[in-house]
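814 is the number that our numbering gives to position 32 of the sequence shown; each next residue is one higher, with no gaps.
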Amino acid sequence: MVVVNIIVSVIVIIILQLLGMVIFSWMTPFKDMEELKKGNTAVGIALGGKFLGTAIILGVAAYTNTSIWFLAMWFAVGYVCLVAVYWIFELVTPGFKISEQLQKGNTAIAVLLSMVFVGMAFAISSLIV
């Protein structure tokens, strides 16, 4: 029975991680995968930060909850907070549009955004019980 629970948990975690990445890709006006195929390092760094941030929240939600439903609920709460962080970051940088800078290949913006995602994921995940 323990093996079945682990397998189900891993499948749910993979699905939630993929869903999180799909939602993040909808938030950008460009096609993330096309930018990666072009070799756009900035988009790759930003996507990596989004993936890691999402994984941190998902990992803590999985670690602190024995129920798949609570895992999913806490992940959803944390993920909504992470999405809000992106839009807040966009608001506090009025001199430029993040998505345009990423599409242009601005790696400085990509690294900063990536660290914002990772840092906020740690902070947000500390609230998950």
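C-beta: ideal position from N, C-alpha, C; glycine also.
Just the Cα atoms here: how many angstroms apart are residue i and residue j?
i, j, result
"ILE805", "VAL786", "29 Å"
"LEU894", "GLY835", "13 Å"
"VAL784", "SER908", "27 Å"
"SER807", "THR846", "28 Å"
"LEU853", "ILE910", "10 Å"
"ILE796", "ALA837", "10 Å"
"ILE880", "GLY841", "27 Å"
"LEU801", "ALA824", "22 Å"
With distances taken from CA atoms, which of the options is nearest residue i?
i, options, result
"ASN822", "VAL874, GLY887, LEU853", "GLY887"
"GLY830", "PHE857, ASP814, GLY841", "ASP814"
"GLY860", "ILE880, LYS879, PHE899, GLN883", "PHE899"
"ILE827", "GLU816, SER908, SER896", "SER896"
"PHE812", "VAL865, GLY877, GLN883", "GLN883"
"MET803", "VAL874, LYS819, LYS879, LYS832", "LYS832"
"TRP869", "LEU818, GLY901, THR810, GLU816", "THR810"
"ALA903", "ILE789, VAL862, VAL794, SER849", "VAL862"
"VAL790", "ALA905, GLU817, ALA844", "ALA844"
"LEU864", "THR848, TRP851, ILE839", "ILE839"
"PHE857", "LEU798, VAL867, THR875", "LEU798"
"GLY901", "VAL867, LYS820, THR875, GLU816", "VAL867"
Which of helix, strand or coil does DSSP assign to residue i?
i, result
"GLY887", "coil"
"ASP910", "A small correction: the amino acid at residue 910 is Ile; Asp does not occupy that position in the sequence shown. Three-state DSSP puts ILE910 in coil, outside helix and strand."
"VAL874", "coil"
"MET783", "coil"
"PHE904", "helix"
"PHE812", "coil"
Output the residue ranges of the alpha helix (DSSP H) runs that lie fully inside the stretch 814-848 and measure 4 residues or longer, sorted by chain position.
814-819, 823-846
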